[in-house]
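In my numbering, the protein residues as written are 5 to 296.
Note that beta-carbon positions come from the ideal geometry of N, C-alpha and C, so glycine has one too.
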C-alpha cells in the first residue's frame, strides 16, 4: 500500500484495457482507410477518364473548326492579328479553351467524391463564372468582325477621298472601343471603374470640343469649317463618283472574302476610286477577233 493508504494496484493500468484501446484505435484507422480508399480510387478513375475525354473533345473541336474555315473568318475579323504573336491559331485556341472547360467539370465531379470541401467550392465558383467569360469572348469576336466589316465598307466607299482612309480607321476604332467596354462590363470586372472610365472618355471628348470652341476658338472653328466646306465643294464630284462605284467595290471585296473563305487563291480587290466599266474594250492590234 501507498503512504496515503491507497491501493497500489489501482494506480497501475490494466493490460487488458490498454490492449483493448489499441485494438479499437487500429480498427478505427482501418475503417477510415476502408472508407477513404474507394473514394480515392473513384477520384483517380474520374480524373483519368475525364482527361482523355477532354483531349478527345479538344481534337474534335479543333478539326471541325478548321474544316468550316473558322481560322480565315477570324483573320478577316481582325482577331487574327492578335493571335499572330502566339503559337496557336484561332481553332486550336478555342479547342484548348474547350479542353480546360471540360477539365473543370471533371475536377468538380472528381473532388465531389470526397464530399463538401474547399476545392469543390472554388471550382464551383469558377464554373459558375464561365458563362460571363464566354459571353465576353463572343462580344469581342462579333465586335471585331463588325468593326472590320465597317472599316472595309467605308474604305471601299470613300477610300479615294483625302479623308477616306482616316474615316474608315476612325469608324472601326470606335466600334472596337465600345466592344472592349461591353466585354469588360460583361465580365463584371471593377464595374464602377469601367463605367466611370467610359463616361470620363466621353466627358473628355465633349469637354475638349466645348473648350476649343468656347475658349477663344470660335474664329478658329469658323475658319476650320470654311476650309472643310471648301474642300467638300471641291471633292463633290469625286465623292459622287466614289459613291457611284461603291456598290461594285463592296461586291468585289465580298467576292474576294468569299473566295478566301472557300480556300481558293486570293484575288486583289479593286482599289477605291475605280468604277466598273460596262463599255466594251477596244480591240488591240494583233488580237484575234472574237469567235461567233
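Contact annotation: residue 124 and residue 115 have beta-carbon atoms nearer than 8 Å.
Take the alpha-carbon of residue 21 and the one of residue 30: they are about 14 Å apart. Under the 10 Å beta carbon count, residue 32 is surrounded by fewer than 16 other beta carbons and is classified as exposed. CA-to-CA, the gap between residue 46 and residue 122 works out to about 19 Å. When rounded, the separation of the alpha-carbon atoms in residue 232 and residue 96 is 49 Å. Per DSSP, the unbroken alpha helix (DSSP H) holding residue 168 starts and ends at 168–190. Boundaries of the alpha helix (DSSP H) harbouring residue 104: 94–115, taken from the DSSP string. Assigned with DSSP and collapsed to three states, residue 136 falls in helix.
Within the same chain, and ignoring the five residues on either side of residue 91 in sequence, no residue has its Cβ closer than 7 Å to its Cβ. Distance between residue 75 and residue 173, taken at the CA atoms: about 23 Å.
Cβ contact annotation for residue 191 (same chain, cutoff 6 Å, sequence separation greater than five): 136, 140, in chain order.
Inter-residue distance for residue 39 and residue 98 is about 40 Å (C-alpha atoms, whole angstroms). By the neighbour-count definition (other C-beta atoms within 10 Å, threshold 16), residue 176 is a buried residue. Of all C-beta pairs linking the region 100–117 to the region 52–59, three or more are shorter than 8 Å, placing the two stretches in contact. Pairing residue 43 with residue 198, the inter-Cα distance amounts to about 45 Å. One Cα belongs to residue 170, the other to residue 201, and the distance between them is close to 25 Å. Around the beta carbon of residue 119, fewer than 16 other beta carbons sit within 10 angstroms, so the residue counts as exposed.
Here residue 78 is buried: its Cβ has 16 or more other Cβ atoms, across all protein chains shown, within 10 Å. For the 8 Å CB-CB criterion, residue 147 and residue 159 do not form a contact.
Excluding the 5 residues flanking it on each side, residue 154 has same chain C-beta neighbours closer than 7 Å at 175, 176, 179, in chain order.
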